[in-house]
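So the structure is just underneath, and the comments pick up after that.
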Amino acid sequence: MNEAGSIPENSYGILQQNPPGSTIDDAVEQVQSLGYAVLDSSYSVAELQNISDEFDRIHRQYIAMHGEDWLKSIDEYNTIRAPLTQGSSAFIKLAFNENLLQVLKRLIAGKFILNQQNGIINPPQQTYNQGAWHRDLPYQHFLSTTPLAVNALFCLDDFTIENGATFVLPASHKSAAFPSGPFVKRNALQIQAQAGSFILLDCMLFHAGGFNSTQRPRRAVNHVYNIPYFKQQINLPANMNGVELSPQESEFLGYHYLEPVSVAGYLSSRGPKK
């Protein structure tokens, strides 16, 4: 017996339907259709606590290295650029989370690399630089048949309405222009997610951070993965400081896609002289 507000289970006139699948299948289908999904990382409580502790340690180290006053003056105080280059294996492992990679391999056709990894802090009772509508391929107004880039925002803290959970405009990755103000007000929604989850976005989906009305900062680690034709935000291979990486990790971090500095360098990348 149906109840008011219940979702109909029956259908007619439908010739094709996606079958139900795994959590990976569900995340892929939702990103393709709506532009966003929430994916469990499968980290244990101890693993999540280690990442949290490393985040706070690296943030203190980052401020000491670059200077609190200067970071605040350039609106970078609540961001940690490329934490995987700061001497913590936790952030390298985070960038290669197995559940995440399974989804990325289904969403992005062909090869992809890590474009950027940034620690992001939504400060309490303040506006911050992610609190405006944007795409993670900013200033672009084009459409592609498959994602060119995917945003994977790792939640170190629970994302709630109160602490400024990310706003999205569902399916806006399918429209070139940013919609009108009334449309945004009618259709924007916030994604609530538990700590240890990835919020996945097609990078052409319009999204924005919410206002943190609590007394505690809300922390996350953002990743952008894209086809190798986009240059990285920061040259990651040049900043890994001799970290030992597997061939797969080297490729994902962009080592195979560095721009040759000369014609001779380009030719040698094609193969040795015979």
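Read in order, the letters of the sequence shown are residues -15 to 258 in the working numbering. Don't be surprised by glycine CBs; every beta carbon is placed ideally from N, CA and C.
Neighbourhood of L140 by C-beta, 7 Å cutoff - its chain only, sequence neighbours within 5 removed: I35, S36, F39, A179, R203, A204, V205
Collapsed DSSP secondary structure at N210 in the structure displayed: strand
Between the CA atoms of E13 and Q1 - distance to the nearest angstrom: 12 Å
Three-state secondary structure (DSSP) of R202: strand
Environment of M188 [buried if 16+ CB atoms lie within 10 Å]: buried
Span separating the alpha-carbon of G(-3) from that of P3: 17 Å
Range covered by the beta strand (DSSP E) that runs through S253: Not the beta strand (DSSP E): S253 falls in the alpha helix (DSSP H), residues 247 to 253.
V152 versus L251: straight-line alpha-carbon distance, rounded: 45 Å
Same chain only: Cβ atoms within 7 Å of P221, ignoring 5 sequence neighbours per side: L237, G238, Y239, L242
Stretch-stretch touch, CB-based, cutoff 8 Å, three pairs: the segment 73 to 92 with the segment 13 to 23: yes
Three-state secondary structure assigned by DSSP to L137: strand
G165, enclosing alpha helix (DSSP H) - first and last residue: 165 to 171
Endpoints, beta strand (DSSP E) assigned at T63: 63 to 65
8 Å Cβ cutoff met for N135 and V208: yes
Residues of its chain near E82, where Cβ-Cβ distance is below 8 Å and the 5 sequence neighbours each way are ignored: S26
The segment 144 to 151 / the segment 163 to 183 touching (three or more Cβ pairs under 8 Å): yes
Beta-carbon proximity list for V72, same chain, < 8 Å, skipping 5 on both sides: The sequence shown places Ser at residue 72, rather than the Val named in the question. Cβ neighbours of S72 beyond the five flanking positions: E38, R41, I42.
Buried or exposed (CB count within 10 angstroms, at least 16 for buried), D59: exposed
Distance CB(V87)-CB(L184) smaller than 8 Å: yes
DSSP three-state assignment for S28, whether helix, strand or coil: coil
Cβ shell of Q70 (< 6 Å), same chain only, five flanking positions each side left out: I42
S181 and D24 closer than 8 Å at C-beta: yes
Outcome for S230 when other beta-carbon atoms lying within 10 angstroms are tallied against a minimum of 16: exposed
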